[in-house]
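The listed protein sequences correspond, in order, to chains A and B.
Quick note, the first sequence lines up with residues 1 to 362 if you use the UniProt record's numbering.
Quick note, the second sequence lines up with residues 1 to 361 if you use the UniProt record's numbering.
Glycine residues also receive a C-beta, built at the ideal position from the N, C-alpha and C atoms.
Reviewing the structure listed below.
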Amino acid sequence: FTSKTLMQSNNKPPPARYGGRHTVTLIPGDGIGPELLNHVRELFRFSCVPLDFEVVNINSSITSEDDINNAITAIRRNGVALKGNLETNHTLPPSHKSRNNVLRYTGLDLYANVMRCQSLPGVQTRHKNIDIIIIRENTEGEYSSLEHESVPGVVESLKIITRNNSLRIADYAFQLAREKGRRRVTAVHKANIMKLADGLFLQCCREVASGYPDIAFDSMIVDNTTMQLVSKPHQFDVMVMPNLYGNVVSNVCAGLVGGPGLVPGANYGHNYAVFETATRNTGKSIAGRNIANPTAMLLASCLMLDHLKLHDYASMIRNAVFATMNESLLHTPDIGGQGTTSEMVQSVMRNIKSSGPLTTEL
Amino acid sequence: PNHTIMPNQIIPPPAKYGGRHTVTMIPGDGIGPELLNHARELFRFCCVPVDFEVVNVDSSVTSEDDINNAVTAIKRNGVALKGNIETNHNLPPSHKSRNNLLRTSLDLYANVMHCQTLPGVQTRHRDIDIIIIRENTEGEYSSLEHENVPGVVECLKIITRMNSMRLAEFAFRLAREKGRRRITAVHKANIMKLGDGLFLKCCKEVAAGYPDITFDDMIVDNTTMQLVSKPQQFDVMVMPNLYGNVVSNVCAGLVGGPGLVPGANYGENYAVFETATRNTGKSIANKNIANPTATLLASCLMLDHLRLHDHASVIRKAVLKTLSETQLHTADLGGQGTTSEVVQTIMQEVQRNGFLNPKHI
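Next comes the structure, spelled out in C-alpha cells:
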C-alpha cells in the first residue's frame with residue numbers, strides 16, 4: 001500500500017496569496033450563518049488579519065445547481081473556505097441533494113472531517129477535561145445519496161464503503177495522531193452486523209495501523225462507544241470512523257463539552273479545506289436575534305488561520321475567545337447565560353486590543 | 001394493512017399446562033449463563049409457576065441447527081428469556097449473527113426499552129424516563145452486502161412501508177396504553193430522503209389517528225446531542241434499527257450503564273426478553289461481578305407479559321430496593337459487591353415481604 005502522504009501543511013502548495021494577503025471563499029449559508037460570519041469578518045478587519053473574503057451566496061430554496069457550482073469553483077480557486085450551514089429543503093424532491101453534501105464530495109473531495117472536542121474553561125459541563133479528536137470519513141458511507149424504490153413500499157438505501165477511501169481516512173487519522181503526539185486511535189464500527197462494509201473499513205484501519213507501531217490501535221462497536229462516551233469519555237483519545245457513526249459520535253461529544261455553539265470543525269481534502277462549525281447546525285429558530293453563540297464559528301476561523309499558516313493571528317484570536325469564555329456573564333443562552341452575540345464579539349475584540357498588537361479603532 | 005397488535009392484549013396466552021408456564025431459556029455466552037441461572041434460582045425461591053426449557057446455542061459452529069432448534073422451541077412456548085449470543089468475527093460473512101437470525105425468524109419487529117433513572121444509582125442526569133421503540137428486523141441489519149467491484153462494498157439498508165407502519169402503530173398504541181403524551185421519531189431524512197423519508201411519512205400517517213398524542217421528529221445527530229445535555233425533554237421515541245441501537249446505548253449510559261436496563265422484543269405472536277444493550281460481557285464472565293439487575297428486571301417484564309403481575313411486582317420491588325443499597329453495588333456501578341450477594345439480598349427482601357417460598361435458600 002503506497003500512501004499518498006498528505007498532511008495539508010506539508011506537500012500541498014500554499015493557497016492563493018497576492019500582495020501578502022490571502023483570499024478565502026465565504027459562504028454565509030442560512031440561519032445563523034450570515035450573522036456569525038459577519039462577526040468573523042468584523043473581527044478579522046479589527047485585528048488586521050491579512051485576509052480578504054470572497055463572498056459566494058447559495059440560495060437553498062431553488063433546485064438549480066448553479067449556485068453550488070459557483071461556490072465550488074470559487075473554493076477551487078482560493079483553496080480555502082469558511083462556511084455556514086446550508087439548509088436542506090425537505091419539500092423539494094429527493095433528487096435535490098443536500099448542498100452541504102454536494103460541496104463535500106462532488107467537486108472538492110473533502111474526505112476527512114476533523115473535530116477536536118475539548119472541554120473549554122469557563123463552561124460548566126458534567127464531564128471535565130475531555131480532549132477527543134474525531135476523524136470522520138466525509139464522502140461515502142451512508143451519505144452516498146443512492147436510494148431507490150424498486151418495489152412500491154420498499155426502499156433500498158445504499159451504504160458504500162470502499163477500500164480506497166477507508167485507507168486514506170485511516171492514513172489521515174494516523175498521520176494526524178502522530179503529528180499531534182497522540183497515543184491511541186480507536187476505530188468505531190458495526191462490523192458484527194455489517195460484516196463486509198464495516199469489516200472492510202476495520203481491515204483498512206488495521207493495515208494502516210501496522211505502519212505506525214508507536215500508536216496504539218483498537219476498535220469498538222458504535223453502540224458500546226456511545227454508551228462509554230456518556231459515562232467515561234476520558235478513555236478516548238483519537239477516534240476514526242465512517243460517515244454516519246461520525247455524525248452521531250460528533251454530536252454526542254459536542255453535547256458533552258457544552259453544545260453546538262462551542263465546537264469548530266474542519267473538512268480536509270488533498271487540495272482544499274473548508275471550515276465550519278462542527279455540528280453543522282443552521283440554527284433557524286435563533287437566527288437574526290443576536291443570541292447565537294459565536295464561539296464555534298470564531299474558533300473555526302482560527303483553524304482556518306492555522307491552515308493558512310497565520311499562526312500568530314490564530315493564537316491571538318483563540319486566546320481572546322477563551323478569555324471571553326471565562327466570563328460567565330457573557331455566556332449566550334445555549335450555555336445557560338443571557339448574553340448577546342455582539343457583546344461576546346466586542347469582548348473578544350477588547351481582549352485582542354489589550355494583548356497589544358496593531359488593531360483598528362474599536 | 002392495519003396491524004392491531006398490543007403485546008399484552010391480542011396475542012393468545014402462551015403455553016400453560018397444569019397452571020405452569022413453560023418458557024424457553026437461551027443462556028448465550030459470557031455472563032448470560034450465570035445471570036440466567038440466578039434468574040432461575042430466584043424464580044424457584046419465589047415459587048413462580050414458570051418452568052424453563054433450556055436451549056443451548058453454540059456460537060462457535062457455523063451450522064444453523066442450534067439456532068433453528070431455539071426458534072422452534074420459542075415458537076412452541078411463545079416466550080423466551082435469553083442471554084446474548086456471541087458473534088464470532090473469524091467466521092466468514094455468510095455466518096450471520098445468531099441474535100439477528102432469532103429476531104428475524106420470529107419476526108420480533110419491535111424492540112422496547114424503558115430507560116428510567118433508578119433510585120440508589122448515582123448518575124449525572126436525574127429524572128430520566130424515556131421509552132425507546134426500535135424497529136428490530138430491517139434497516140441496516142438486513143445483512144445484505146456484496147462486493148461488486150473489488151474494494152467497493154455495497155451495504156443495503158432496507159426500509160419498507162409495511163414494517164414502518166406496524167412499528168409506528170405499535171409505538172402509538174404503547175404510548176396510549178402507558179398514558180404517554182409525546183412521541184418523537186428519530187431519523188436522518190435530510191440525507192436518506194427515500195429511506196428515512198418513508199419511515200417518517202409512515203409515522204406521520206399513524207400519528208394522524210392519535211390526536212391525543214403529540215408527534216414530532218428530530219434528526220439523529222441532534223437527538224444524541226440533546227440526549228447528553230437535556231434528556232428530560234424526551235418521552236417516547238420511535239426509530240429505525242441502527243439509530244435505535246445507538247440511542248438505546250446512549251440512554252443506557254445516561255441511567256447508569258448496561259447492567260441496569262432490561263429490554264423486550266415483541267412480535268405478533270412471540271416475545272423475547274433480554275438485557276437492553278445486549279452485551280455478552282465476556283471479560284467479566286464467571287467472576288461473580290456481573291450486575292444481575294438488567295437480567296432480573298427483564299425476567300419481570302416477562303412475568304408481566306405472562307400476566308403473572310403479582311410475582312413480577314414482588315421481584316421488581318425487591319430488585320429496586322436492593323439497588324438502593326450502595327454497599328452492594330457491583331463493579332459497573334462503582335462498587336465492589338458480588339453478583340451472588342445481590343441475588344441473596346433480593347431473596348431476603350422477597351422473603352421479608354411474606355411471599356410464599358421454601359424454607360431453605
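Can you tell me whether residue i is helix, strand or coil according to DSSP?
{"i": "Q235 (chain A)", "result": "helix"}
{"i": "I346 (chain B)", "result": "helix"}
{"i": "C115 (chain B)", "result": "strand"}
{"i": "C117 (chain A)", "result": "strand"}
{"i": "I134 (chain A)", "result": "strand"}
{"i": "P1 (chain B)", "result": "Because P1 (chain B) sits at a pLDDT of 39, beneath the cut-off of 50, its placement in the model cannot be relied upon, and the point is left open."}
{"i": "E140 (chain B)", "result": "helix"}
{"i": "I133 (chain B)", "result": "strand"}
{"i": "T160 (chain B)", "result": "strand"}
{"i": "L158 (chain A)", "result": "strand"}
{"i": "N291 (chain B)", "result": "coil"}
{"i": "V49 (chain A)", "result": "coil"}
{"i": "R278 (chain B)", "result": "coil"}
{"i": "P264 (chain A)", "result": "strand"}
{"i": "K83 (chain A)", "result": "strand"}
Does the Cβ-Cβ distance between residue i and residue j come in under 8 angstroms?
{"i": "L306 (chain B)", "j": "L118 (chain B)", "result": "no"}
{"i": "residue 383 (chain B)", "j": "G78 (chain B)", "result": "Residue 383 (chain B) falls outside the range modelled here, since chain B spans only 1 to 361, and no answer is possible."}
{"i": "H261 (chain A)", "j": "I134 (chain A)", "result": "A small correction: the amino acid at residue 261 (chain A) is Gly; His does not occupy that position in the sequence shown. Contact: no."}
{"i": "E142 (chain A)", "j": "H148 (chain A)", "result": "no"}
{"i": "H114 (chain B)", "j": "I131 (chain B)", "result": "yes"}
{"i": "V274 (chain A)", "j": "L110 (chain A)", "result": "yes"}
{"i": "V261 (chain B)", "j": "A271 (chain B)", "result": "no"}
{"i": "N85 (chain A)", "j": "G33 (chain A)", "result": "yes"}
{"i": "R99 (chain A)", "j": "N113 (chain A)", "result": "no"}
{"i": "I289 (chain B)", "j": "T330 (chain B)", "result": "yes"}
{"i": "M227 (chain A)", "j": "T277 (chain B)", "result": "yes"}
{"i": "A298 (chain B)", "j": "G263 (chain B)", "result": "yes"}
{"i": "T282 (chain A)", "j": "E35 (chain A)", "result": "no"}
{"i": "N190 (chain B)", "j": "T88 (chain A)", "result": "yes"}
Under 9 angstroms between beta-carbons, which chain A residues line up against residue i? List them in chain order, please.
{"i": "V161 (chain B)", "result": "Checking the sequence, you will find Arg at residue 161 (chain B) rather than Val. Those within 9 angstroms of R161 (chain B) in chain A are P152, G153, V154, V155."}
{"i": "G257 (chain B)", "result": "M227, S231"}
{"i": "G197 (chain B)", "result": "H90, P94, E147, V155"}
{"i": "N84 (chain B)", "result": "Neighbours of N84 (chain B) on chain A: none; closest Cβ ~11 angstroms, over 9 angstroms."}
{"i": "N291 (chain B)", "result": "Neighbours of N291 (chain B) on chain A: none; closest Cβ ~14 angstroms, over 9 angstroms."}
Given that residue i touches chain B, what residues does it touch there, using C-beta distances under 9 angstroms?
{"i": "S64 (chain A)", "result": "Residues of chain B passing the Cβ test: none, with the nearest at roughly 18 angstroms."}
{"i": "L158 (chain A)", "result": "E154, C155, L156, K157"}
{"i": "G199 (chain A)", "result": "H89, P93, E145, V153"}
{"i": "A191 (chain A)", "result": "H89"}
{"i": "P260 (chain A)", "result": "N222, M225"}
{"i": "R163 (chain A)", "result": "P150, G151, V152, V153"}
Could you tell me how far apart the beta carbons of residue i and residue j are, in whole angstroms, since I believe they sit closer than 8 angstroms?
{"i": "V236 (chain B)", "j": "I133 (chain B)", "result": "7 angstroms"}
{"i": "L298 (chain A)", "j": "V348 (chain A)", "result": "7 angstroms"}
{"i": "residue 378 (chain A)", "j": "V186 (chain B)", "result": "Any question about residue 378 (chain A) goes unanswered here, given that chain A covers just 1 to 362."}
{"i": "Y109 (chain B)", "j": "G267 (chain B)", "result": "6 angstroms"}
{"i": "I130 (chain A)", "j": "S119 (chain A)", "result": "5 angstroms"}
{"i": "I159 (chain B)", "j": "F215 (chain B)", "result": "Incorrect: roughly 19 angstroms between the Cβ atoms, too far for contact."}
{"i": "A170 (chain A)", "j": "V208 (chain A)", "result": "4 angstroms"}
{"i": "R182 (chain A)", "j": "V238 (chain A)", "result": "5 angstroms"}
{"i": "T162 (chain A)", "j": "N78 (chain A)", "result": "With 8 angstroms as the limit, T162 (chain A) and N78 (chain A) do not qualify as a contact, their Cβ atoms being about 29 angstroms apart."}
{"i": "I291 (chain A)", "j": "T332 (chain A)", "result": "6 angstroms"}
Could you list which residues in chain B have their beta carbon closer than 8 angstroms to that of residue i, in chain order?
{"i": "residue 368 (chain A)", "result": "Outside the shown range of chain A (1 to 362) lies residue 368 (chain A), about which nothing can therefore be said."}
{"i": "G255 (chain A)", "result": "T224, M225, Q226, L227, V228, S229"}
{"i": "Y143 (chain A)", "result": "I191"}
Tell me, please, whether the CB atom of residue i is closer than 8 angstroms to any CB atom in chain E?
{"i": "D171 (chain A)", "result": "No chain E appears in the structure shown, which is made up of the protein chains A and B."}
Show which residues of chain A have a CB atom less than 7 angstroms away from the CB atom of residue i.
{"i": "A252 (chain B)", "result": "M227"}
{"i": "N245 (chain B)", "result": "D223"}
{"i": "S97 (chain B)", "result": "N192, I193"}
Residue i versus chain A: which residues are under 8 angstroms apart at the beta carbon?
{"i": "L194 (chain B)", "result": "P94, E147, H148, E149, V155, S157"}
{"i": "N100 (chain B)", "result": "I193"}
In chain B, what lies closer than 7 angstroms to residue i by C-beta?
{"i": "V248 (chain A)", "result": "V220, D221, T224, V246"}
{"i": "T186 (chain A)", "result": "Result: empty, since nearest Cβ-Cβ is about 16 angstroms, beyond 7 angstroms."}
{"i": "V252 (chain A)", "result": "T224, M225, V228, V250"}
query = Taking Cβ-Cβ distances below 8 angstroms as the criterion, which residues of the region 116 to 145 of chain B are in contact with chain A?
reply = Listed by position along the chain: R124, H125, E140, Y141, S143, E145.
request  = Give the residues from the region 98 to 126 of chain A that approach chain B closer than 8 angstroms (Cβ to any Cβ), ordered along the chain.
outcome  = Of all residues in the region 98 to 126 of chain A, S98, N101, R126 have a Cβ within less than 8 angstroms of some Cβ in chain B.
query = the region 272 to 288 of chain B: which residues have C-beta closer than 8 angstroms to a C-beta of chain A, in chain order?
reply = For chain A, the residues of the region 272 to 288 of chain B that bring a beta carbon within less than 8 angstroms of one of its beta carbons are T277, N279, in chain order.
request  = Scan the region 68 to 80 of chain B for residues whose Cβ lies nearer than 7 angstroms to a Cβ of chain A and list them as they occur along the chain.
outcome  = Against chain A - using a Cβ distance shorter than 7 angstroms - the region 68 to 80 of chain B contributes no residues.
request  = Select from the region 275 to 290 of chain A all residues with a C-beta closer than 9 angstroms to any C-beta belonging to chain B, and list them in chain order.
outcome  = For the region 275 to 290 of chain A, which is checked against every Cβ of chain B, the residues closer than 9 angstroms are T279, R280, N281.
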